[in-house]
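Residue numbers (the numbering used here): 579 to 698. Report on one structure; see the data block that follows.
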């Protein structure tokens with residue numbers, strides 16, 4: 579894997595995120611026993627809040643897709659970029675510095691499990 583390619587991809591991701599998202603606030607250092615200790619993968623939000631969360635996640639996923647970051651590892655003929663899982667991990671690392679909606683369930687289940695299963 580070409581290091582320059584990774585640097586170029588990371589710069590492209592940062593440019594996209596700078597245009598569409600705000601930087602995330604600085605995270606406080608971890609202190610044992612402080613903060614939320616929930617390990618739930620699926621949220622238990624009240625229905626109205628969950629609908630808003632899903633709306634924001636869908637909108638963010640649409641913006642990502644329109645800008646080439648919706649399905650980084652997906653085949654180009656299906657709207658993906660045809661890049662490697664390392665590119666996907668790099669995008670996630672860059673995106674973690676920005677305040678964007680959580681699309682975890684949409685991405686992990688939809689693009690990470692269902693999409694590859696259908697393609698197989």
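We put the beta carbon where it would ideally sit given N, CA and C, even for glycine.
Contact under 8 angstroms by Cβ, residue i with residue j
{"i": "residue 607", "j": "residue 679", "result": "no"}
{"i": "residue 650", "j": "residue 665", "result": "yes"}
{"i": "residue 672", "j": "residue 591", "result": "yes"}
{"i": "residue 648", "j": "residue 657", "result": "yes"}
{"i": "residue 652", "j": "residue 685", "result": "no"}
Contacts around residue i, its chain only, beta-carbon distance under 8 angstroms, and the 5 residues preceding and following it disregarded
{"i": "residue 703", "result": "With the chain covering only 579 through 698, there is no way to say anything about residue 703."}
{"i": "residue 631", "result": "621, 623, 679 and 680"}
Close Cβ partners of residue i (< 6 angstroms) along its chain, the five nearest in sequence each way excluded
{"i": "residue 593", "result": "none"}
{"i": "residue 581", "result": "none"}
{"i": "residue 637", "result": "none"}
Residue nearest to residue i in terms of C-alpha spacing, selected from the options
{"i": "residue 595", "options": "675, 654 and 686", "result": "675"}
{"i": "residue 585", "options": "691, 627, 669 and 663", "result": "669"}
{"i": "residue 655", "options": "626, 697 and 612", "result": "697"}
Residues bridged to residue i [DSSP beta-bridge criterion]
{"i": "residue 676", "result": "601"}
4-residue-minimum alpha helix (DSSP H) runs that sit fully inside the segment 617 to 646, ordered along the chain | Within the segment 617 to 646, complete alpha helix (DSSP H) segments of at least 4 residues are found at 625 to 644, given in chain order.
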